[in-house]
Amino acid sequence: MDLIANHISHRFGDLAVLDDVSFTVGAGEVVAIVGPSGCGKSTLLSILGGLLQPTSGAPELRGTPPADSLNPLTFVFQDFALLPWASVEENVEFPLLHARLSAAQRRSQVEDALRRTGLTDFRKTYPKQLSGGMRQRVGISRALAVRPAILLMDEPLSALDSQTRELLMEDFVRLLADGDMGAVYVTHNLEEAARLADRIVVLSRRPGRIREVVMVPMTRAERGETVAREKLLALQDQIWSLIRNEAIDAEREVLDA
Amino acid sequence: MLERAGAPAKDDTTRRVRFRGAGFVPASSRFGGWIALALVIALWQAAGSAGLVNPLFLPAPLAIARAIYQLAISGALWQHLSASLLRIGVGWVLGTAAGIAVGFAIGLSRLARGVGITFISALFPIPKIALLPLLILWLGIGEEPKIATIALGVFFSTAISVYSGVDAVPRNLIRMAQSFNVPFATIVRKVIWPGALPAILAGFRITASVALLLVVSAEMIGAQYGIGAFVLQAGNLMQTDQLLAGVVILSVFGLAVGKVIGWLEVKLLHWR
Chain Z
1 MDLIANHISH RFGDLAVLDD VSFTVGAGEV VAIVGPSGCG KSTLLSILGG
51 LLQPTSGAPE LRGTPPADSL NPLTFVFQDF ALLPWASVEE NVEFPLLHAR
101 LSAAQRRSQV EDALRRTGLT DFRKTYPKQL SGGMRQRVGI SRALAVRPAI
151 LLMDEPLSAL DSQTRELLME DFVRLLADGD MGAVYVTHNL EEAARLADRI
201 VVLSRRPGRI REVVMVPMTR AERGETVARE KLLALQDQIW SLIRNEAIDA
251 EREVLDA
Chain L
1 MLERAGAPAK DDTTRRVRFR GAGFVPASSR FGGWIALALV IALWQAAGSA
51 GLVNPLFLPA PLAIARAIYQ LAISGALWQH LSASLLRIGV GWVLGTAAGI
101 AVGFAIGLSR LARGVGITFI SALFPIPKIA LLPLLILWLG IGEEPKIATI
151 ALGVFFSTAI SVYSGVDAVP RNLIRMAQSF NVPFATIVRK VIWPGALPAI
201 LAGFRITASV ALLLVVSAEM IGAQYGIGAF VLQAGNLMQT DQLLAGVVIL
251 SVFGLAVGKV IGWLEVKLLH WR
């Protein structure tokens, strides 16, 4: 199943946020979206996932999702969006409660998702008892439980400290390597984009337009090796040179809000 | 851009950094309050026993305790208390049920919000006890007008705390649920209800005291039995020990309700 951004533009009142953005995420492909602050990255993701109606254009799906997928487009949120009154297990089970599944089937999907994120021993704990990194693991576990075709990840690591970020990034590499799950990965962190994406869509400052699409010419497995370091750094530099001046302008802009 | 300041003058003397983070963290001690209360009661009793206070105006604690004991063994305590409890119980449950329903409607529907908030803003400031004479005209002189007064008082506070609670449920949780195609009814039951529960329980504390206030006022206006009626009667007969016995019973009742709500909060909001 492919996810297509078809000439998407969006305005918040007078403020143009996105301008004619089009690209396709193929099955199993990871596309990162980067750009200066306020360029509409997160807005674009909300539109792609059907949480926000664009002013013009539309998100589209092509082909059929995998048969066992309960929610083909599944979000992983920056702030985790966990139910604080529910245990880890109940949070992971939450999106399955209304699905047509037998109790046994539901149990097994929850178990499987907990196991894949290393949360089996934490099933009875509550979000407030967990560190930020573990909370995001719960968010990822909940997403995996519905067997998504494409993960929509909205700066999933930006609320975490740099060490936790490193650990979770390794988890993402493993997660996206095994199988045919694709992802749209919104980030302002170029290292994350270079480590995880097959393609990097670089947006201009607001209103966000596609400035360039950069291919990452390595498999995700290769990028972990020492020799790949330099190539990835060069790639990050290349993207940074594309957005640096606009990032400066974006930062100095005063909003009439 | 951040610029570096000019080079500082060199100074090798060392000084300890002054601690300035003290205060603003009052720790509550477990027994301090009770000890203070016991001391005040002991002082009061001593003043009474020494004849420093006229018992007609302020009877000593022991006299009040004796009055409560006599009320209890004569059965009068239960007669008055049960009458008040029944009115509070029925009135509070009716008002709370209606308040929760209307509060949720206002929190969830645009139409209900437009209409509901206008009506509530207009009617909430009316002291509900002022409606008792009207309610007596409508409902007769039985229990109904007293219960209706309590229900009305409880209803408005509950509706307001419920819709504020619904409004305060984090939007990101609702978006999350929508992103998993969770149906409306499940979002209400599994996201909005638990999210609004802290505000709803906080509202219960307020409505419990509103109900207590209204039951006493209503009973003072027209009732044979009930703690309010009893306190008024005792005052008319200058039986100040009886009067204060009634006041103490009201205070204990208020404390007990507070404890129950506190227990509910611990049980239901353990996740906080």
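Residue numbers (the UniProt record's numbering), protein chains in the order written: chain Z, 1 to 257; chain L, 1 to 272.
Just so it is clear, CB atoms sit at the ideal spot from N, CA and C, and this is done for glycine as well.
In this text, all values refer to a predicted model and were calculated from it rather than measured experimentally.
Kindly indicate which three-state DSSP category Z/N189 falls into: helix, strand or coil? coil
Chain Z residues whose Cβ lies nearer than 8 Å to that of L/R66: None at all; the shortest Cβ gap to chain Z is about 49 Å.
Does the distance from the CB of Z/R199 to the CB of Z/V214 come in under 9 Å? yes
Beta-carbon of L/L269 versus every beta-carbon of chain Z: anything under 9 Å? yes
Could you have a look at L/M176 and say whether DSSP puts it in helix, strand or coil? helix
Mind checking Z/A145: buried by the 16 CB within 10 Å criterion, or exposed? Buried is the call here.
Interfacial residues, the region 131 to 151 of chain Z to chain L, with Cβ spacing under 7 Å: V146
Give me the subset of the region 186 to 209 of chain L whose CB atoms are less than 9 Å from a CB atom of chain Z, sorted by chain position. Sequence-ordered contacts of the region 186 to 209 of chain L with chain Z read T186, K190, V191, P194, G195, L197 [C-beta pairs closer than 9 Å].
Cβ-based burial, Z/M1 [other Cβ within 10 Å; buried from 16]: buried
With DSSP collapsed to three states, give me the class of residue 291 of chain Z. No answer is possible for residue 291 of chain Z: it lies beyond the span of chain Z, which begins at 1 and ends at 257.
Quick one: what's Z/D154 bridged to in DSSP? Z/V186
Three or more C-beta pairs under 8 Å: does that hold for the region 244 to 251 of chain L against the region 225 to 235 of chain L? The region 244 to 251 of chain L makes contact with the region 225 to 235 of chain L; the number of CB pairs closer than 8 Å reaches 3 or more.
Can you give the Cα-Cα distance for L/F31 and L/W263, rounded to whole angstroms? 19 Å
Is it a yes or a no for the region 140 to 158 of chain L touching the region 172 to 184 of chain L, going by three-plus beta-carbon pairs under 8 Å? Cβ pair count under 8 Å is below three, so no.
Note down, in chain order, every chain L residue with its Cβ under 9 Å from the Cβ of Z/G49. S179
Quick one, are the C-beta atoms of Z/V76 and Z/A27 less than 9 Å apart? Not closer than 9 Å, so no.
What residues of chain B sit near Z/P84, judged by a beta carbon separation below 7 Å? Protein chains Z and L are contained in the structure displayed, whereas chain B is not.
Contact check, Z/V30 vs Z/I4, beta carbons under 9 Å: no
Three-way DSSP call (helix, strand, coil) for L/H80 in this model: helix
Below-9 Å beta-carbon distance, L/V182 vs any chain Z residue: Contact with chain Z is found for L/V182, since one of that chain's Cβ atoms lies less than 9 Å from the residue's Cβ.
Just to make sure I have the definition right: I need the residues of chain L whose C-beta is within less than 8 Å of the C-beta of Z/N6. Which are they? Those do not exist, as Z/N6 stays about 20 Å from chain L at its closest Cβ, beyond 8 Å.
Would a check of beta-carbon distances place L/R18 closer than 9 Å to chain Z? Chain Z, which has no Cβ nearer than 9 Å to the Cβ of L/R18, makes this no.
When the Cα atoms are used, what is the spatial distance from L/L71 to L/P59? 16 Å
Can you look up Z/R211 in the DSSP assignment and give me helix, strand or coil? For Z/R211, the three-state secondary structure derived from DSSP is strand.
Evaluate the contact criterion for the region 49 to 59 of chain Z versus the region 200 to 212 of chain Z: three or more CB pairs, one atom per stretch, below 8 Å. No: fewer than three Cβ pairs fall under 8 Å.
Exposure of Z/V110, with buried meaning 16 or more beta-carbon neighbours within 10 Å: buried
Helix, strand or coil for Z/E253, going by three-state DSSP, please let me know. coil
Rounded to the nearest angstrom, what separates L/V169 and L/G195 at their Cα positions? 5 Å
Rounded to the nearest angstrom, what separates Z/L151 and Z/T74 at their Cα positions? Taking the straight line joining both Cα atoms gives about 5 Å.
Mapping DSSP to helix, strand and coil, what is L/I221? helix
Can you tell me where the alpha helix (DSSP H) with L/A9 in it begins and where it stops? Unbroken run through L/A9: none, as it is neither H nor E.
Among residues of its own chain, excluding the 5 on either side of Z/A221, which ones have a beta-carbon nearer than 7 Å to its beta-carbon? A177
Short of 9 Å Cβ to Cβ, which residues in the region 165 to 178 of chain L face chain Z? P170, N172, L173, R175, M176, A177, Q178
For Z/Q78, which residues of its own chain have a beta-carbon under 7 Å away from its beta-carbon, when the five flanking residues on both sides are left out? D154, E155, P156, S158, A159
Compute the Euclidean distance between the alpha carbons of Z/F11 and Z/S46, then round it to the nearest angstrom. According to the sequence provided, residue 11 of chain Z is Arg. The question's Phe does not apply to it. Distance between Z/R11 and Z/S46, taken at the CA atoms: about 13 Å.
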